[in-house]
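Visitor:
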Amino acid sequence: MNSEGTLRHFNLRKTKIRIAVLDALAQSVGALSYAVLQERLIEFDRTTLYRTLLTLSDHGLIHKAYEENGESYYARCFGCSDQAHNHEHLHLKCSSCGGVECIEISEQLKRNLAQLPFQEINISAKGSCSTCEPV
Ligand SMILES: [Zn+2]
Ligand SMILES: [Zn+2]
Ligand SMILES: [Zn+2]
Numbered sequence: 006m007n008s009e010g011t012l013r014h015f016n017l018r019k020t021k022i023r024i025a026v027l028d029a030l031a032q033s034v035g036a037l038s039y040a041v042l043q044e045r046l047i048e049f050d051r052t053t054l055y056r057t058l059l060t061l062s063d064h065g066l067i068h069k070a071y072e073e074n075g076e077s078y079y080a081r082c083f084g085c086s087d088q089a090h091n092h093e094h095l096h097l098k099c100s101s102c103g104g105v106e107c108i109e110i111s112e113q114l115k116r117n118l119a120q121l122p123f124q125e126i127n128i129s130a131k132g133s134c135s136t137c138e139p140v
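As structure tokens, then:
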């Protein structure tokens, strides 16, 4: 589904910036930091970008993948809604390129996590991403 279709699917108004943010994240292999998003979407003002990220994450279109030193990284969601963000996956922060990748975890680990009374789970790791060090 393209970005416009995604917004329609979520009953969100199609605004230029929403489409631009979704496009940027869809084209990226990993998550994008707020600074990078800001750089790529230079034609929009900061407040609008900030509010757009909040709206899109409230509605389950994107999620905050990682946070470090006050810098947030965002990635697309698939199968989330405004009711629930479901990404029991790992966020790998690459120590070479600084990128953040979303990595699926095993069903077994998901089941184990499901038994714990977490409100929010954010599993993160540091190492090299698949681009810097192909497996
Ligand atoms: Zn999500
Ligand atoms: Zn890397
Ligand atoms: Zn993720």
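According to the numbering used here, the sequence shown is numbered sequentially starting from 6. By construction, the Cβ of each residue, glycine as well, lies at the ideal position given by its N, Cα and C atoms.
In terms of residue numbering, what span does the alpha helix (DSSP H) encompassing residue 118 cover?
Guide: 112-119
Visitor: Indicate whether residue 96 and residue 119 have their beta-carbon atoms separated by less than 7 Å.
Guide: no
Visitor: Identify the continuous alpha helix (DSSP H) that holds residue 10 and give its terminal residues.
Guide: 8-14
Visitor: Should residue 82 be listed as close to ligand 2, given that the test is whether its C-beta is under 6 Å from any heavy atom?
Guide: Residue 82 Cβ: outside cutoff for every heavy atom of ligand 2.
Visitor: Report whether the distance from the Cβ of residue 14 to the nearest heavy atom of ligand 1 is below 6 Å.
Guide: The answer is no for residue 14.
Visitor: Which of helix, strand or coil does DSSP assign to residue 40?
Guide: helix
Visitor: Spell out a yes or no on whether the segment 103-121 and the segment 86-94 are touching, meaning 3 or more CB-CB pairs, one atom from each, closer than 8 Å.
Guide: yes
Visitor: What is the residue span of the beta strand (DSSP E) that residue 98 lies within?
Guide: 94-99
Visitor: Under a criterion of Cβ closer than 6 Å to any non-hydrogen atom of ligand 2, which residues qualify, in chain order?
Guide: 99, 101, 102, 104, 133, 134, 136 and 137
Visitor: Suppose the cutoff is 8 Å on Cβ atoms and the five residues either side in sequence are ignored; what does the same chain contact list for residue 46 look like?
Guide: 22, 25, 26, 29 and 54
Visitor: Tell me which residues share the same chain as residue 37 and place their Cβ nearer than 7 Å to its Cβ, disregarding the 5 neighbours each side in the sequence.
Guide: 29, 30, 78 and 79
Visitor: Taking 6 Å as the cut-off, is the beta-carbon of residue 65 closer than that to any non-hydrogen atom of ligand 1?
Guide: yes
Visitor: Restricting to Cα atoms, I'd like to know which of 136, 121 and 64 is closest to residue 83.
Guide: Of 136, 121 and 64, the residue nearest in Cα terms is 64.
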